[in-house]
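In my numbering, the protein residues as written are 30 to 287.
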Amino acid sequence: MRTRSGDGAFVEESREAVVVLDDADRVLLASRRARQTIEGIREGERVPPDLLTGGLGVIPFVVPYEVDGRRERLVYLSREGDLAAYEELRSGFTAAVSHELRTPLARLLTLLESTTLPGEDVSELVERATSEVEQITELIDEVLFLSELESGYFGYSYYEENQSRLNAVQIRNPKTGQCVAPGVKTVQNGTHKPLARPLFIYANGSSFKRTEVQAFLDYIFDHEAQIANRARFVPLTKAQLKRAQTNFDLAVKAARRS
Numbered sequence: 030m031r032t033r034s035g036d037g038a039f040v041e042e043s044r045e046a047v048v049v050l051d052d053a054d055r056v057l058l059a060s061r062r063a064r065q066t067i068e069g070i071r072e073g074e075r076v077p078p079d080l081l082t083g084g085l086g087v088i089p090f091v092v093p094y095e096v097d098g099r100r101e102r103l104v105y106l107s108r109e110g111d112l113a114a115y116e117e118l119r120s121g122f123t124a125a126v127s128h129e130l131r132t133p134l135a136r137l138l139t140l141l142e143s144t145t146l147p148g149e150d151v152s153e154l155v156e157r158a159t160s161e162v163e164q165i166t167e168l169i170d171e172v173l174f175l176s177e178l179e180s181g182y183f184g185y186s187y188y189e190e191n192q193s194r195l196n197a198v199q200i201r202n203p204k205t206g207q208c209v210a211p212g213v214k215t216v217q218n219g220t221h222k223p224l225a226r227p228l229f230i231y232a233n234g235s236s237f238k239r240t241e242v243q244a245f246l247d248y249i250f251d252h253e254a255q256i257a258n259r260a261r262f263v264p265l266t267k268a269q270l271k272r273a274q275t276n277f278d279l280a281v282k283a284a285r286r287s
């Protein structure tokens, strides 16, 4: 992803050492920190030959992309000390998240245990338990989002919600060699690879004999689009959903015969 306008200001003001390179390793943009802390970074000139291999004591993290038919690379440059500080911060973050998860989980367990006590309003307890689950889900979603950002990518749904500030770039499909832009259709038809991938539900075939398992999967089929949209995923097409339903029905019949 790349900002639509003000790219120079965006990179210039970055607190990280960041450079944008063309396919000939020439610097198109460089942050102030990159120019001040790394020798040989000058816009319009090629970067030092050892910079991208780690030979200058700098650790490069390269994100390739294509925009308007041009191949460019966004390169984050850090030193070993920066990495150690990052790992320390990451460790602290993990501890904080663990604590935040334990709190609603403990309350949820208490609520579930309370349902077995005489005289308790089970409906109210279920409502409060649902609220705790929603809080846990929110926290997990935030952690997953941060994990995606750390890997250099984030979900298509984030782009959809921020189209006024972001511009989607194409990625090269390794099978066809064609560059494909992200979108609902390209995700559904499988051409936006390798970033788009299907999400499967796995169930033991013998469990299809159980009424509750069939009811659970039937619910998913009946509400697939709503579930996908709420989870910020791309839903199946009607044809894909029909094929999945047919496969499930065949599996249920096979389980009943066994």
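No residue lacks a Cβ here, since even glycine has one placed at the ideal position from N, Cα and C.
These numbers come from a predicted model, not from an experiment.
Where Ala-63 is concerned, the enclosing alpha helix (DSSP H) starts and stops at 61 to 66. Residue state for Phe-262 is assigned as coil, using DSSP reduced to three classes. When the five nearest sequence neighbours on each side are left out, the beta carbons in the same chain lying within less than 6 Å of the beta carbon of Glu-161 are those of Pro-133, Arg-136 and Leu-137, in order along the chain. By the neighbour-count criterion, in which a residue is buried when 16 or more other Cβ atoms sit within 10 angstroms of its Cβ, Thr-144 is exposed. Following the DSSP letters along the chain, one finds Glu-149 in no beta strand (DSSP E), marked with neither H nor E. Going by beta carbons, Leu-168 and Glu-142 fall outside the 7 Å limit. Distance from the CA atom of Pro-77 to the CA atom of Gln-192, rounded to whole angstroms, is 35 Å. Comparing alpha carbon positions, the residue from Thr-220, Glu-163 and Arg-286 closest to Arg-259 is Glu-163.
Per DSSP, reduced to three states, the secondary structure at Ser-236 is helical. Rounded to whole angstroms, the gap between the alpha carbons of Val-172 and Arg-261 is 15 Å. In chain order, Val-209, Thr-220 and Lys-222 place their CB closer than 7 Å to the CB of Asn-202, counting only its own chain and leaving out the 5 sequence neighbours on each side. Between Ala-59 and Ile-70, the CB-CB gap stays under 7 Å. Under DSSP, Glu-95 forms a beta bridge with Arg-100 and Gln-199. Here DSSP, grouped into helix, strand and coil, assigns Phe-277 to helix.
Within 10 angstroms of the beta-carbon of Ile-67 lie 16 or more other beta-carbons, which makes it buried.
Nearest neighbour of Gly-73 by Cα position, chosen from Val-213, Val-56, Val-126 and Ala-280, turns out to be Val-56.
Close CB contacts of Ala-257 within its chain, under the 8 Å cut and outside five residues either way in sequence, are with Val-263, Pro-264 and Leu-265 (chain order).
The three-state secondary structure of Val-209, taken from DSSP, is strand. Counted as a single uninterrupted DSSP element, the alpha helix (DSSP H) harbouring Tyr-187 occupies residues 185 to 190. Counting only residues of its own chain and dropping the five nearest sequence neighbours on each side, Ala-197 has a CB closer than 7 Å to the CB of Met-30, Tyr-188, Ala-210 and Pro-211. The Cβ-Cβ distance between Val-87 and Leu-106 falls below 7 Å. Here Thr-159 is exposed, its C-beta having fewer than 16 other C-beta atoms within 10 Å. In this chain, Ala-225 is not harboured by any beta strand (DSSP E), its DSSP state being neither H nor E.
In the displayed model, Pro-89 falls within a strand according to three-state DSSP. Between Ala-225 and Val-213, the C-beta gap is not smaller than 7 Å, which leaves the two residues out of contact.
In this structure Gly-234 touches Ala-284 by the C-beta definition: roughly 6 Å separates them, less than 8 Å.
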